[in-house]
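K.L.:
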Amino acid sequence: MKRPFKTRIKTLKIDGIDVGAREDETLLELAQENDIFIPTLCHLEGVHDIGGCRLCLVEVKGTNKLLPACMTYAEEGMEVTTNSERLQMYRRQVLDLLFSERNHVCSVCVSNGHCELQWLAGKLGISHVGVPYLYPQLSVDASHRFYIYDPNRCILCTRCVRVCDEIEGAHTWDVMGRGTDCLIISDLNQPWGTSDTCTRCGKCVQVCPTGALFHKTKAVAEMEKRRDFLPYLRTMREGRK
Amino acid sequence: MSTKQTLATVWLDGCSGCHMSFLDIDERLLELAVLADLVYSPLVDTKEFPEMVDITLIEGAVSSEEDYHKIKKVRAHTRLLVSLGDCAVTANVPAMRNRFSVRSVLERAYLENADLNQQIPVEVIPSLRERSVPVHQVVPVDIFIPGCPPSNDTIYYGLTELLAGRRPDFGTMTRFGA
Ligand code: SF4
Ligand code: SF4
Ligand code: SF4
Ligand code: FES
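Note that the protein sequences, when read in sequence, are chains E and C.
FYI, in the numbering used here the residues of the first sequence are 8 to 248.
FYI, in the numbering used here the residues of the second sequence are 12 to 189.
#1: Only counting the same chain, and skipping five residues up and downstream in sequence, which positions put a Cβ closer than 6 Å to that of E/PRO143?
#2: Determine whether the Cβ of E/HIS135 lies closer than 7 Å to any Cβ atom of chain C.
#3: Helix or strand or just coil, what does DSSP make of E/PRO143?
#4: Can you tell me whether E/ASP188 is helix, strand or coil according to DSSP?
#5: With distances taken from CA atoms, which of E/ILE21, E/LEU51, E/LEU104 and E/VAL112 is nearest E/PRO238?
#6: With a threshold of 8 Å on Cβ separation, who are the neighbours of E/LYS20 within its own chain once the five nearest residues in sequence on each side are excluded?
#7: Can you have a look at E/LYS248 and say buried or exposed, based on whether 16 or more other CB atoms are within 10 angstroms of its CB?
#8: Within 7 Å (strictly less), CB to CB, does C/GLY169 reach chain E?
#9: For C/SER27, is the beta carbon positioned less than 6 Å from some heavy atom of ligand 1?
#10: DSSP on E/VAL170, reduced to helix/strand/coil?
#11: For E/ASN119, go through chain C and note every residue whose CB falls closer than 8 Å to its CB, in chain order.
#12: Are the segment 155–167 of chain E and the segment 103–113 of chain E in contact at 8 Å, needing three or more beta carbon pairs?
#13: When burial is assigned at 16 or more other CB atoms within 10 Å of the CB, is E/SER249 buried or exposed?
#14: Smallest Cα separation from E/VAL229: which of E/HIS121, E/LEU141 and E/THR204?
#15: Would C/LEU23 pass as a contact of C/GLY96 if the rule is Cβ separation under 7 Å?
#16: At least one CB of chain E closer than 7 Å to the CB of C/CYS159: is that the case?
#17: Please check the pair E/ILE24 and E/ASN41, which I expect to be a contact at CB under 8 Å, by giving their CB distance rounded to whole angstroms.
#18: Identify the continuous beta strand (DSSP E) that holds E/LEU102 and give its terminal residues.
#19: Between E/THR187, E/LEU127, E/LYS225 and E/ILE45, which has its C-alpha nearest E/ILE155's C-alpha?
#20: Find the nearest neighbour of E/ALA177 within the set E/THR79, E/ARG152 and E/ARG207, judged by alpha-carbon distance.
#21: Which residues, in chain order, does the segment 93–104 of chain E contribute to contact with chain C at a C-beta distance below 7 Å?
#22: By Cβ distance, which residues of its chain are closer than 7 Å to C/HIS88, with the 5 residues on each side in sequence left out?
#23: Is E/LEU163 near ligand 3 - that is, is its Cβ less than 6 Å away from at least one heavy atom of it?
#24: Please give the ranges of any alpha helix (DSSP H) in the segment 13–57 of chain E, keeping only runs that are unbroken, at least 4 residues long and fully inside the region.
#25: Is the CB-CB distance between E/VAL65 and E/VAL227 below 7 Å?
#26: Does the beta-carbon distance from C/THR185 to C/PRO145 come in below 7 Å?
#27: Which one or two residues does DSSP pair with C/GLN69 in a beta bridge?
#28: Which residues, taken in chain order from the segment 136–149 of chain C, show a beta carbon closer than 8 Å to some beta carbon of chain E?
#29: If you follow the beta strand (DSSP E) that E/TYR156 is part of, which residue opens it and which one closes it?
#30: Could you spell out where the beta strand (DSSP E) holding C/ILE156 opens and where it closes?
#31: When you check each C-beta in the segment 104–121 of chain C against every C-beta of chain E, which residues fall closer than 8 Å?
#32: So that I know if they touch, is there some Cβ in chain E lying closer than 7 Å to that of C/ASP97?
#33: For my contact list, E/THR18 and E/GLU83 are in at a C-beta cut-off of 8 Å; report their separation, rounded to the angstrom.
#34: Using a C-beta cutoff of 7 Å, does E/GLY129 count as contacting chain C?
#35: Which residues in chain E have a C-beta closer than 8 Å to the C-beta of C/PHE33? List them in chain order.
This is the structure in structure tokens:
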């Protein structure tokens, strides 16, 4: 996310370390630059941030609110904490809710071993899910010639929506409904294979962090996704302006 | 009377893969046998769960009435209860039926997909509960070991730590679906 004005330098503290930041830099970018790990799921380099998943929440001295690092700009004199017990507890709860809201069965999932949600659960030490699972009834959409959309594994990060809109310019995906009824839909809530707008570029499949979007002809071991194209495309475009 | 610690393993709704992975500890089982006695398990003969067991490993989700009563009893007679593997920890594959009614699952299995002798069994096979659930949704669980199945090294590490009176920290050794 870029602020539309000229850059000045701010000095602040992250986890007690003195750091310098451009003022168009988010706390997340700043942390990553300084090798400080902040968990993220909806953030995707190359498209704009929405602060949706709340995994990147951090504490900033002087405010009681927790702030999403991907949406908060560095300010002069800030004191940021990225990994307190309170934050760990909330992050754990977010993952609990993500796992329990849909039907995640990692052992038989196409993305087993290549999934960001699964990886994060391991990284954050989630050994079990603390709330009851909901087991929603959701049907798989295999109508597309190349790809499959399985909402049972969707975490509603909207990376697919943003990449299709902002990078591919097709805007095939969108969001429908609220709360636990919320769903990613293609075009006017129709089977993906019948979509008029989809160019079959596959960008959404590559950026999906889970096994919700995948390639029809790929086996589990090959399900590794490729995201490197995105920042590259972005830089090329910005350079052209 | 031996002063060794006691170990039990219980098989609920799982594929026995976690027990296989446990056996896969291979020659290190001998080291474990020095530290603990296996007093109840599908691998030994004892029919009744003992009065008190130090560590019990549970494989499988709680799916049937039998599972339910068994886990209640096991919990009451166990000091440290361990959910071993994804089926015990998340209900995993057994829970994939939860989106459908028990009736429709049984009809699918025993009527629609059966070529011969189409009938839903009423004897011997324990009746299914409404949902397959993780063990910790039925009784308190002390230690969780995700994985499908957790590797032999993971199980060995977990057991040796527990037998030494420490709480194992599995770190990145295992995860859901591992
Ligand atoms: S999408 Fe990820 S978390 Fe969900 S079942 Fe697949 S591997 Fe597991
Ligand atoms: S394949 Fe390309 S055009 Fe089609 S929905 Fe995905 S990102 Fe959009
Ligand atoms: S389909 Fe994938 S990329 Fe799209 S919202 Fe769901 S999890 Fe995110
Ligand atoms: S990464 Fe910041 S809210 Fe999702």
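We put the CB at the ideal spot given by N, CA and C, even for glycine.
P.N.:
Once the coordinates are examined:
#1: Taking the first sequence and counting its residues from 1, one reaches residue 143 of chain E at position 136. So no residue of the chain qualifies.
#2: The residue you call residue 135 of chain E lines up with position 128 of the first sequence. Yes, E/HIS135 counts as interfacial toward chain C.
#3: The count along the first sequence starts at 1 and reaches residue 143 of chain E at position 136. The three-state secondary structure of E/PRO143, taken from DSSP, is coil.
#4: Residue numbering aside, residue 188 of chain E sits at position 181 when the first sequence is read from its first letter. In this structure, E/ASP188 counts as helix in the three-state DSSP scheme.
#5: One-based indexing of the first sequence puts residue 238 of chain E at position 231. Ranking the options by Cα distance to E/PRO238, first place goes to E/LEU51.
#6: As a first step, residue 20 of chain E is located in the first sequence; it is residue number 13 there, counting from the start. Beyond the five residues adjoining it in sequence on each side, E/LYS20 comes within less than 8 Å, by CB distance, of VAL26, MET85, GLU86 and VAL87 in the same chain, given in chain order.
#7: Translated into positions along the first sequence, residue 248 of chain E becomes position 241. Any reading at E/LYS248 needs caution, since the residue's pLDDT is 47, under 50, leaving its predicted position unreliable; the model's value is listed next. With fewer than 16 other Cβ atoms within 10 Å, it is exposed.
#8: Stepping through the second sequence from its first residue, residue 169 of chain C is reached at position 158. Not an interface residue.
#9: Stepping through the second sequence from its first residue, residue 27 of chain C is reached at position 16. No; taking the cut-off as 6 Å, the Cβ of C/SER27 has no heavy atom of ligand 1 nearer than that.
#10: In the first sequence, the residue the question calls residue 170 of chain E occupies position 163. Three-state result, E/VAL170: helix.
#11: Counting from one through the first sequence, the residue named residue 119 of chain E turns up at place 112. Per Cβ cutoff of 8 Å: GLY188.
#12: Judged by Cβ distances under 8 Å, the segment 155–167 of chain E makes contact with the segment 103–113 of chain E, as three or more pairs qualify.
#13: With chain E running from 8 to 248 in the structure shown, residue 249 of chain E is simply not present.
#14: In the first sequence, residue 229 of chain E corresponds to position 222, counting from 1. It should be noted that the sequence gives Glu, not Val, for residue 229 of chain E. Nearest of E/HIS121, E/LEU141 and E/THR204 to E/GLU229, Cα basis: E/HIS121.
#15: If you number the second sequence from 1, residue 23 of chain C lands on position 12. If you number the second sequence from 1, residue 96 of chain C lands on position 85. Contact flag unset, no.
#16: As a first step, residue 159 of chain C is located in the second sequence; it is residue number 148 there, counting from the start. Chain E has a Cβ within less than 7 Å of the Cβ of C/CYS159.
#17: Position 17 of the first sequence, counted from the first residue, corresponds to residue 24 of chain E. Position 34 of the first sequence, counted from the first residue, corresponds to residue 41 of chain E. So it is a contact: roughly 7 Å between Cβ atoms.
#18: For the purposes of this step, residue 102 of chain E is identified with residue 95 of the first sequence, where counting begins at 1. For E/LEU102, no beta strand (DSSP E) encloses it; the enclosing alpha helix (DSSP H) starts and ends at 92–108.
#19: The sequence position of residue 155 of chain E within the first sequence is 148, counting from 1. Closest by alpha carbon: E/LYS225.
#20: Along the first sequence, read from residue 1 onward, the residue named residue 177 of chain E stands at position 170. The residue with the shortest Cα to Cα distance from E/ALA177 is E/ARG207.
#21: When CB distances to chain C are screened at a threshold of 7 Å, not a single residue of the segment 93–104 of chain E falls below it.
#22: In the second sequence, residue 88 of chain C corresponds to position 77, counting from 1. Apart from the 5 residues on each side of it in sequence, C/HIS88 sits with its Cβ closer than 7 Å to the Cβ of PHE60, PRO61, GLU62, MET63 and VAL64 in its chain, given in chain order.
#23: Within the first sequence, numbered from 1, the residue matching residue 163 of chain E stands at position 156. Under cutoff, so the answer is yes.
#24: Counting only runs of 4 or more, we get 34–40.
#25: Position 58 of the first sequence, counting from 1, holds the residue named residue 65 of chain E. Position 220 of the first sequence, counting from 1, holds the residue named residue 227 of chain E. Not a contact, by the Cβ cut-off of 7 Å.
#26: Reading the second sequence from its first residue, position 174 is the one you call residue 185 of chain C. Reading the second sequence from its first residue, position 134 is the one you call residue 145 of chain C. Not closer than 7 Å, so no.
#27: On the second sequence, position 58 is the one that residue 69 of chain C refers to. What sits at residue 69 of chain C in the sequence shown is Ile, not Gln. DSSP lists C/VAL21 and C/SER94 as the bridge partner or partners of C/ILE69.
#28: Taking 8 Å as the Cβ-Cβ cut-off against chain E, the residues of the segment 136–149 of chain C that qualify are ARG142, VAL144, PRO145, HIS147 and GLN148.
#29: Looking up residue 156 of chain E in the first sequence gives position 149. Membership of E/TYR156 in the beta strand (DSSP E) is indicated by the continuous run 154–156.
#30: Position 145 of the second sequence, counted from the start, is the residue given in the question as residue 156 of chain C. Its beta strand (DSSP E) spans residues 154–156.
#31: Of all residues in the segment 104–121 of chain C, the ones placed with a Cβ closer than 8 Å to any Cβ belonging to chain E are VAL104, ALA106, MET107, ASN109 and ARG110, in chain order.
#32: The residue given as residue 97 of chain C occupies position 86 in the second sequence. With 7 Å as the cut-off, C/ASP97 counts as an interface residue toward chain E.
#33: Taking the first residue of the first sequence as position 1, residue 18 of chain E is located at position 11. Taking the first residue of the first sequence as position 1, residue 83 of chain E is located at position 76. Right, the Cβ-Cβ distance comes to about 7 Å (below 8 Å), so this counts as a contact.
#34: For the purposes of this step, residue 129 of chain E is taken as residue 122 along the first sequence, with counting starting at 1. Look at E/GLY129: its C-beta is under 7 Å from a C-beta on chain C.
#35: The residue given as residue 33 of chain C occupies position 22 in the second sequence. By Cβ distance, chain E contributes nothing, its closest Cβ being about 17 Å from C/PHE33, past 8 Å.
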